[in-house]
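Single-structure report; data block below.
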Ligand SMILES: Nc1ncnc2c1ncn2[C@@H]1O[C@H](COP(=O)(O)OP(=O)(O)O)[C@@H](O)[C@H]1O
Ligand SMILES: [Mg+2]
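Residue numbers (the numbering used here): 99 to 414.
In structure tokens, the structure reads:
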């Protein structure tokens with residue numbers, strides 16, 4: 099369905115140019131839910147935005163690589179062609195609903211216009227489908243809500259409207275960037291249930307999260323990103339039962355398993371460095387409990403561990 103091939107994205111800032119993602123490659127099969135995990139600042143959102151060509155210009159630039167969607171390179175499409183793909187074939191759920199909703203139009207009108215841009219159906223029918231989707235994401239009083247402006251809704255409610263808009267066109271691929279971070283636990287479950295249902299109709303999902311618990315509940319395969327690079331990839335069971343990269347192991351050890359154990363929770367030492375301060379060699383070596391000489395000198399290459407499981411570390 100999607101194949102991201104050696105993508106590098108740079109940003110030009112007052113401090114200079116840096117790589118926000120560095121030579122990132124992965125794929126998503128039809129009907130698969132792939133988790134993209136890593137701490138804040140590792141390049142997850144930039145990866146998501148590149149897929150839809152939404153990297154803010156002119157500061158951001160996709161320097162190289164290909165993004166093949168059903169074998170077509172999205173980076174070669176015209177602005178008009180990519181607009182036709184956004185929403186219809188690939189839709190995105192953002193961390194921030196404000197990024198997707200227009201403050202100037204009522205919810206119902208926005209949803210209907212989105213529908214009519216992509217599908218040739220009567221307005222009344224589009225209205226009814228839109229309202230049904232609001233119900234599906236757990237919104238009550240939908241008749242009234244359809245006439246509300248985004249500012250009249252709470253943040254969590256806006257988030258659900260955006261999720262409804264992303265799902266209603268039944269896209270082939272959904273890119274969900276921390277989709278439920280702002281929602282309370284009950285609604286979160288409801289949204290995940292909907293996402294799982296979409297998968298049954300062969301929709302593929304890239305689920306971005308910093309929460310390994312959500313990955314365990316939702317994903318078939320996992321990609322772990324650290325400081326602009328992918329460090330490990332594998333199916334869910336391999337990642338959880340035989341994590342290979344010290345960073346993945348660190349992320350897993352920081353999952354709160356039981357509330358009563360919480361004071362024994364381990365954390366990874368230190369922070370993700372600023373992209374201007376990435377160390378030489380392996381970017382994780384400053385925080386790695388096993389780092390040795392070679393980690394300073396060279397960038398580790400991927401080692402294949404079987405069944406699509408691979409990690410970039412000199413210990414392997
Ligand atoms: N619009 C932007 N301008 C400049 N730097 C950016 C921009 N967006 C993201 N970055 C930088 O790119 C890196 C990756 O960010 P991001 O993809 O948002 O991380 P994540 O989603 O994993 O938290 C970070 O260092 C971040 O500060
Ligand atoms: Mg992000």
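Backbone N, C-alpha and C fix where the C-beta goes; we use that ideal spot for every residue, glycine too.
- Message: Please classify residue 202 as buried or exposed, where buried requires at least 16 other C-beta atoms within 10 Å of its C-beta.
- Response: Counted from its first residue, the chain shown places residue 202 at position 104. Exposed is the call here.
- Can you tell me whether DSSP reads residue 148 as helix, strand or coil? Taking the first residue of the chain shown as position 1, residue 148 is located at position 50. Note: residue 148 maps to helix in three-state DSSP.
- Task: For the beta strand (DSSP E) containing residue 365, list its first residue and its last residue.
- Result: Your numbering for residue 365 matches position 267 in the chain shown. No beta strand (DSSP E) holds residue 365; DSSP gives it neither H nor E.
- Which first and last residues belong to the alpha helix (DSSP H) in which residue 249 is found? Locating residue 249 in the chain shown gives position 151, counting from the first residue. That residue, residue 249, is in no alpha helix (DSSP H); it is neither H nor E in DSSP.
- Message: Tell me the DSSP secondary structure of residue 335 in three-state form.
- Response: The sequence position of residue 335 within the chain shown is 237, counting from 1. In the structure shown, residue 335 sits in a helix (DSSP, three-state: H, G or I).
- Test item: CB-CB of residue 407 and residue 332 under 8 Å: Here residue 407 refers to the residue found at position 309 of the chain shown. Here residue 332 refers to the residue found at position 234 of the chain shown. Yes, they are a contact pair.
- What is the rounded straight-line gap between the Cα of residue 369 and the Cα of residue 351? To locate residue 369, count along the chain shown from 1; it is residue 271. To locate residue 351, count along the chain shown from 1; it is residue 253. Answer to the nearest angstrom: the Cα atoms are 16 Å apart.
- Query: In chain order, what residues of the same chain have a beta carbon less than 7 Å from the beta carbon of residue 131, not counting five sequence neighbours either side?
  - Reply: One-based indexing of the chain shown puts residue 131 at position 33. These residues qualify, in order along the chain: 297, 303, 305, 316, 317 and 318.
- Message: Which of the three DSSP states is assigned to residue 391 in this structure?
- Response: The residue given as residue 391 occupies position 293 in the chain shown. Residue 391 falls in the helix class under three-state DSSP.
- Item | Continuous alpha helix (DSSP H) stretch holding residue 311: start and end | Walking along the chain shown from the start, residue 311 turns up at place 213. From DSSP, the alpha helix (DSSP H) with residue 311 extends over 310 to 316.
- Query: Which partner residues does residue 111 have in the DSSP bridge list?
  - Reply: Here residue 111 corresponds to residue number 13 of the chain shown, with the count starting at 1. The partner list for residue 111 (beta bridge, DSSP) reads 114.
- Query: Touch check for the region 176 to 184 and the region 103 to 111: three-plus C-beta pairs under 8 Å?
  - Reply: no
- Return yes when the C-beta of residue 142 is under 7 Å from any heavy atom of ligand 2, and no when it is not. As a first step, residue 142 is located in the chain shown; it is residue number 44 there, counting from the start. Yes.
- Item | Contact between the region 209 to 219 and the region 254 to 266 (3+ Cβ pairs under 8 Å) | yes
- Rounded to a whole number of angstroms, what is the C-alpha to C-alpha distance between residue 301 and residue 274? For the purposes of this step, residue 301 is identified with residue 203 of the chain shown, where counting begins at 1. For the purposes of this step, residue 274 is identified with residue 176 of the chain shown, where counting begins at 1. Roughly 13 Å between the two C-alpha positions.
- Message: In whole angstroms, give me the CA-to-CA distance for residue 422 and residue 386.
- Response: Nothing about residue 422 can be reported from this structure: the residues present for the chain run from 99 to 414 only.
- Query: CB-CB under 7 Å to residue 413, same chain, minus the five flanking residues each way: which ones, in chain order?
  - Reply: What you label residue 413 is simply residue 315 of the chain shown in a count that begins at 1. Excluding residues within five positions, the ones whose Cβ falls inside 7 Å are 388.
- Message: Bridge partners for residue 218 per DSSP, in chain order?
- Response: The residue given as residue 218 occupies position 120 in the chain shown. DSSP lists no partner for residue 218.
- Counting Cβ pairs, one atom from each stretch, are 3 or more of them under 8 Å apart for the region 113 to 124 and the region 137 to 154? yes
- In terms of alpha-carbon separation, which member of 337, 291 and 329 lies closest to residue 399? Within the chain shown, the letter at position 301 stands for residue 399. The shortest Cα separation from residue 399 among 337, 291 and 329 belongs to 329.
- Check residue 356 in the structure and name its three-state DSSP category. In the chain shown, the residue the question calls residue 356 occupies position 258. Note that residue 356 scores a pLDDT of 49, beneath 50, so its modelled location is shaky and nothing firm can be said.
- Query: For residue 356, which residues of its own chain have a beta-carbon under 7 Å away from its beta-carbon, when the five flanking residues on both sides are left out?
  - Reply: Position 258 of the chain shown, counted from the first residue, corresponds to residue 356. Any answer about residue 356 is weak, because its pLDDT of 49 lies below 50 and its placement is not dependable; what the coordinates show is given next. So no residue of the chain qualifies.
- Message: Between the alpha carbons of residue 164 and residue 99, how many angstroms are there, rounded?
- Response: Within the chain shown, numbered from 1, the residue matching residue 164 stands at position 66. Within the chain shown, numbered from 1, the residue matching residue 99 stands at position 1. The alpha-carbon atoms of residue 164 and residue 99 are separated by roughly 14 Å.
- Task: From the DSSP output, in three-state form, read off residue 243 for me.
- Result: Within the chain shown, numbered from 1, the residue matching residue 243 stands at position 145. Residue 243: helix per DSSP, three-state reduction.
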